[in-house]
Amino acid sequence: MKRQPAPRVWIARQITDAGGHTLDVEVSHDRRLKRNVHWNVEGTVIRVRTPEHVPEPVLDRLLDGIVAAVLDARARALGRNDAELQRRAQAINEAYFDGELRWHTIRWAGNLHTRLGSCTHGGATDGDIRISDQIKLWPDYVIDYVIAHELAHRKFPNHSPAFWAYLARYPHTERARGFIDGIYFTRGWTVDDPL
Ligand SMILES: [Zn+2]
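If you want the numbering used here, it's the position in the sequence shown, counting the first as 1, plus 24.
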């Protein structure tokens, strides 16, 4: 009888991060790799590619290190608080908008659903900016884009050409919009105006 070949892709572990999300550690053999292990995080999957014939105890130790690094980064990201958000908004205002924008509060919010941010205009709550806490784990340049977008609404409370021209002062605008489009596409969300 022929021996079954070992599976080439398998879930080696399941872990839970500081936010209660479950992550799969998916390991695969990659013949092109000689010695190094490569890994990246895609959504809730930690993809680890290893050369074939890595002894199990060695792989186990490598996974320990990868898991620790991922959990650490996620704990830091999930720990972002409103004070840090306010500092970031101030830095963005200074760096790209000549420090000319004013707002009342900027806070993380857990109830925005498919929206990423919002900014109020007029009335008693004028200038209250909320940023969805579901983006806390997104890349920094995307988070900064979402903040810049809401800040720019303080000057242009619409999506006019003048608004986009002003927001383009934030240099990663196009890249960040592409990232967000990709997320919405994979989630099957159709929202004309996510922020
Ligand atoms: Zn907007």
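No residue lacks a Cβ here, since even glycine has one placed at the ideal position from N, Cα and C.
- Distances from the CB of Leu219 to the heavy atoms of ligand 1 include at least one below 7 Å.
- At least one heavy atom of ligand 1 is found less than 7 Å from the C-beta of His173.
- Pairwise C-beta distances place the stretch 185-201 out of contact with the stretch 147-157, as fewer than three of them are shorter than 8 Å.
- The alpha-carbon separation between Leu136 and Val51 amounts to approximately 35 Å.
- Using a Cβ-Cβ distance cut-off of 8 Å, the stretch 99-116 and the stretch 78-89 are not in contact, since fewer than three pairs of beta carbons, one from each stretch, lie closer than that value.
- Cα atoms of His173 and Ile153: separation of roughly 10 Å, rounded to the nearest angstrom.
- In the DSSP assignment, Leu47 falls within the beta strand (DSSP E) that extends over Thr46 to His53.
- With a cut-off of 7 Å, the C-beta of His137 is classified as distant from ligand 1, since no heavy atom of the ligand falls inside that distance.
- Remark: C-beta atoms of Thr46 and Thr74 do not approach each other more closely than 8 Å.
- Within the DSSP bridge table, the entry for Arg154 names Arg131 and Ser142 as partners.
- Where Ile39 is concerned, the enclosing beta strand (DSSP E) starts and stops at Val33 to Thr40.
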